[in-house]
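full-length UniProt numbering applies: residue 1 is where the sequence shown begins, and numbers increase by one. Using N, Cα and C, we set each Cβ at its ideal position, and we do this for glycine too. Here the structure is laid out as structure tokens; the discussion comes afterwards.
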Amino acid sequence: MLNKLNSQHKLNSNYIPPKNSYETQFGIGHFAGIVYYETKGFLEKNRDTLHGDIIQLVHSSKNKFIKQIFQADVAMGAETRKRSPTLSSQFKRSLDLLMRTLSVCQPFFVRCIKPNEYKKSMVEYY
Numbered sequence: 001m002l003n004k005l006n007s008q009h010k011l012n013s014n015y016i017p018p019k020n021s022y023e024t025q026f027g028i029g030h031f032a033g034i035v036y037y038e039t040k041g042f043l044e045k046n047r048d049t050l051h052g053d054i055i056q057l058v059h060s061s062k063n064k065f066i067k068q069i070f071q072a073d074v075a076m077g078a079e080t081r082k083r084s085p086t087l088s089s090q091f092k093r094s095l096d097l098l099m100r101t102l103s104v105c106q107p108f109f110v111r112c113i114k115p116n117e118y119k120k121s122m123v124e125y126y
């Protein structure tokens with residue numbers, strides 16, 4: 001993977017190649033600074049799992065091309081669903097929890113219709 005990155009992006013100013021042939025990291029210059037990525041296990045950590053419905057849909061497809069493309073995913077079937085959740089599914093779960101928490105709250109607002117001339121709290125103005 002690292003060799004391919006080096007050959008494909010060596011001319012890109014945002015790509016930082018490894019310092020030597022023993023390094024397993026590469027860097028990307030982002031707007032906030034350089035971020036280094038470790039290539040060991042990179043593909044496994046960043047591979048998204050397919051939802052069970054999609055696997056069933058592909059499995060039931062009559063299109064040979066579609067079946068061939070997703071052959072490995074269909075073969076893994078149940079194993080794919082047991083993998084760790086993707087970042088997007090964790091984010092969705094977190095948002096669902098936040099929305100449930102907010103829906104049981106009783107928010108209230110205090111509005112100041114006419115502030116005092118000093119715009120300070122605890123100062124009465126008549």
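The DSSP assignment places 2-9, 42-46, 52-59, 64-69, 71-76, 78-82 and 87-103 as complete runs of the alpha helix (DSSP H) inside the UniProt domain "Myosin motor" (1-126), in order along the chain (cut-off: 4 residues). The beta-carbon distance between residue 56 and residue 39, rounded to whole angstroms, is 33 angstroms. This is too long to meet the 8 angstroms contact definition. In terms of Cβ geometry, residue 14 and residue 28 form a close pair [threshold 8 angstroms]. One alpha carbon belongs to residue 90, the other to residue 8, and they sit about 32 angstroms apart. Taking C-alpha positions only, residue 68 is separated from residue 47 by approximately 19 angstroms.
Residue 95 counts as exposed, since fewer than 16 other beta carbons sit within 10 angstroms of its beta carbon. Nearest in C-alpha terms to residue 34, of all of 43, 50, 10 and 16, is 16.
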